[in-house]
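Participant:
Numbering (my numbering), first residue to last: 361 to 588.
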């Protein structure tokens, strides 16, 4: 089975400037995902999808395969990750390189381990799944969340059955962005992830689920990496 890893790394960032190549404990951020992909031993090709020659040069130092850059269309702010993935698959197909599975590894999840990738593939095989999506337990139950009116009145903010200790509430999970694993056939048929009976969750601990978006996330990731 031919497996492709895609690490999307568009240049620039509105939240944290050039975050995908910012040095994190001495390495550019995107390097962590490249190294995890190679160390997992799961992939035939590890590709970094970028619109920047500078980013591409940095990624190639870590042995990523980058025979082409993103098109103008998929380098736009509002482009979905799946449009990027489908474009990469199409461009490889033009060179007679075809894949059966594709893993989207966000560079903003540097604490994902190679073993997480391996276990996701094992889960895909065990479940005969079309998609495996990484999740983690949320810090606070969404049952404790609500909207507020302009005056801040909290009348009816929580339902009475949700006012107990967190420990007695069932756990809730969120997509952590670290790993999306799909069969290429399902992706091409659906145009992206479809959360149906052929899609399963791979659960990761919260400490490996940091998703870097702002400076605080970056500092937390830096601290956790130093402690690991």
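Idealized CB from N, CA, C, for every residue including glycine.
#1: Can you name the start and end residues of the alpha helix (DSSP H) that residue 441 belongs to?
#2: Apart from the five residues on each side of it in sequence, which residues of its chain come closer than 8 Å, Cβ to Cβ, to residue 570?
#3: Rounded to whole angstroms, what is the Cα-Cα separation between residue 373 and residue 486?
#4: Under 8 Å, with one C-beta from each stretch per pair, do the stretch 473–488 and the stretch 498–511 reach the 3-pair mark?
#5: Answer yes or no: do residue 371 and residue 415 have a C-beta to C-beta separation smaller than 8 Å?
#6: Taking the C-alpha atoms as reference points, what is the distance between residue 369 and residue 384?
#7: Ignore the nearest five residues each way along the sequence and tell me which others in residue 400's own chain have a CB closer than 7 Å to its CB.
#8: How big is the Cα-Cα spacing for residue 432 and residue 377?
#9: Would you call the stretch 544–554 in contact with the stretch 442–454, where contact means no fewer than 3 C-beta pairs closer than 8 Å?
#10: State the DSSP-derived secondary structure class of residue 556, mapped to helix, strand or coil.
#11: Does the distance from the C-beta atom of residue 411 to that of residue 435 stay below 8 Å?
#12: Can you tell me which of 560, 380 and 547 puts its alpha carbon nearest to the alpha carbon of residue 364?
#13: Mind checking which residues open and close the beta strand (DSSP E) that includes residue 382?
#14: Ordered along the chain, which non-local residues of its own chain (more than five positions away) have a Cβ less than 6 Å from that of residue 619?
Facilitator: Working from what's here:
#1: 441–454
#2: The residues are 469, 470, 471, 577, 580, 581 and 584.
#3: Each residue's Cα considered, the two are about 38 Å apart.
#4: no
#5: Taking 8 Å as the cut-off, the beta carbon of residue 371 is found closer than this to the beta carbon of residue 415.
#6: 15 Å
#7: Excluding sequence neighbours, residue 400 sits near 474, 477 and 478.
#8: 20 Å
#9: Touching, yes.
#10: coil
#11: yes
#12: Selection 560, 380 and 547 evaluated against residue 364 yields 547 as nearest (Cα-Cα).
#13: Counting along the chain, residue 382 falls outside any beta strand (DSSP E), and DSSP gives it neither H nor E.
#14: Residue 619 cannot be examined here, being either before or after the span of the chain that is shown, 361 to 588.
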